[in-house]
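Numbering-wise, the working numbering comes out as the position in the sequence shown, counting from 1, plus 2. Every residue gets a Cβ at the ideal spot worked out from N, C-alpha and C, and that includes glycine. Structure first, then comments.
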Amino acid sequence: MHRLFVALRPPPAIRALLGAVQGGVPHARWQDDEQMHLTLRYIGEIDRPMAEDVAVALGQVHAAAPSVALAGVGAFDKQGRVDALWAGVAPHDALAALHKKVDQALVRIGLAPERRAYLPHVTLARLPRSAGGDPAIEHWRARHAGLTSAPFTLDAMILYESRLGRDGAQYDAIARFALDAQ
Numbered sequence: 003m004h005r006l007f008v009a010l011r012p013p014p015a016i017r018a019l020l021g022a023v024q025g026g027v028p029h030a031r032w033q034d035d036e037q038m039h040l041t042l043r044y045i046g047e048i049d050r051p052m053a054e055d056v057a058v059a060l061g062q063v064h065a066a067a068p069s070v071a072l073a074g075v076g077a078f079d080k081q082g083r084v085d086a087l088w089a090g091v092a093p094h095d096a097l098a099a100l101h102k103k104v105d106q107a108l109v110r111i112g113l114a115p116e117r118r119a120y121l122p123h124v125t126l127a128r129l130p131r132s133a134g135g136d137p138a139i140e141h142w143r144a145r146h147a148g149l150t151s152a153p154f155t156l157d158a159m160i161l162y163e164s165r166l167g168r169d170g171a172q173y174d175a176i177a178r179f180a181l182d183a184q
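Structure below.
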């Protein structure tokens, strides 16, 4: 089985900027440079024939390369506890349209449609259950609320395989699909 997702990879300068805001939250598992991405669509575990179909379907998606900028930070919580810290990007329109195209392509080959609302972001850290209501989380959010960048272009979709290990997830790029220049 292959655990797959489709993502966009920010350019090196943006990843460096994101790396510079990491820290200051005890027990956070900060994403390293290789893990930084903006998920377009989580696929999940599928067998090899379906993975090959996914690659073919993604190759047929044509869209303009979105231009975005970093836009603040946030957190996801699960059952009342923060479990991830992220950096936002804006504007959302082109990313949401690309997400929809990818989702439609995957539905056409038999995958279930995405049911969750799409919120474009780059995950920066995962937090253990024990982090709970640590005030360091809110301090980090307040300190980096104004995170911004110059606009940057996301010029390719990447199909990743995620391998879970003791030290977190490792992401391997399986295929790259260029997006149209604007």
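Own chain, CB closer than 7 Å to residue i, minus 5 neighbours either side, in chain order
{"i": "Thr41", "result": "Phe7 and Ala9"}
{"i": "His94", "result": "Pro122"}
{"i": "Met38", "result": "Pro12, Arg17, Leu20 and Val124"}
{"i": "Asp49", "result": "Met3"}
Span separating the alpha-carbon of residue i from that of residue j
{"i": "Gly46", "j": "Gly112", "result": "13 Å"}
{"i": "Ile139", "j": "Val27", "result": "6 Å"}
{"i": "Asp85", "j": "Leu126", "result": "11 Å"}
{"i": "Arg131", "j": "Val91", "result": "26 Å"}
{"i": "Val23", "j": "Leu100", "result": "28 Å"}
{"i": "Lys102", "j": "Gln172", "result": "26 Å"}
{"i": "Gly76", "j": "Arg43", "result": "20 Å"}
{"i": "Trp88", "j": "Leu72", "result": "11 Å"}
{"i": "Asp34", "j": "Gly170", "result": "11 Å"}
{"i": "Leu181", "j": "Arg117", "result": "25 Å"}
Sequence-distant residues of its chain with Cβ nearer than 8 Å to residue i (five each side left out)
{"i": "Gly148", "result": "Gly74"}
Selected residue, minimal CA-CA separation from residue i, among the options
{"i": "Arg143", "options": "Met3, His4 and Gly25", "result": "Gly25"}
{"i": "Ala114", "options": "His141, Met52 and Pro153", "result": "Met52"}
{"i": "Leu129", "options": "Arg83, Ala177 and Leu72", "result": "Arg83"}
{"i": "Ser69", "options": "Lys102, Arg31, Gln81 and Pro153", "result": "Pro153"}
{"i": "Ala119", "options": "Val58, Leu97 and Trp32", "result": "Leu97"}
{"i": "Ala183", "options": "Leu87, Ala107 and Ala66", "result": "Ala66"}
{"i": "Tyr162", "options": "Ala30, Ser151 and Leu60", "result": "Leu60"}
{"i": "Pro14", "options": "Leu156, Ile176 and His29", "result": "Leu156"}
{"i": "Ala30", "options": "Pro137, Val56 and Phe179", "result": "Pro137"}
Collapsed DSSP secondary structure at residue i in the structure displayed
{"i": "Arg110", "result": "helix"}
{"i": "Asp105", "result": "helix"}
{"i": "Gly21", "result": "helix"}
{"i": "Ala15", "result": "helix"}
{"i": "Asp35", "result": "helix"}
Chain-order list of residues whose beta-carbon lies under 6 Å from that of residue i (same chain, five-residue window excluded)
{"i": "Arg5", "result": "Glu47 and Ser164"}
Let me know the beta strand (DSSP E) ranges lying completely inside the segment 52 to 102, each 3 residues or longer, listed in chain order. 69 to 80 and 83 to 92
Which parts of the segment 117 to 174 are runs of the alpha helix (DSSP H), unbroken and 4 residues or longer, counting only runs that do not cross its ends? 137 to 145
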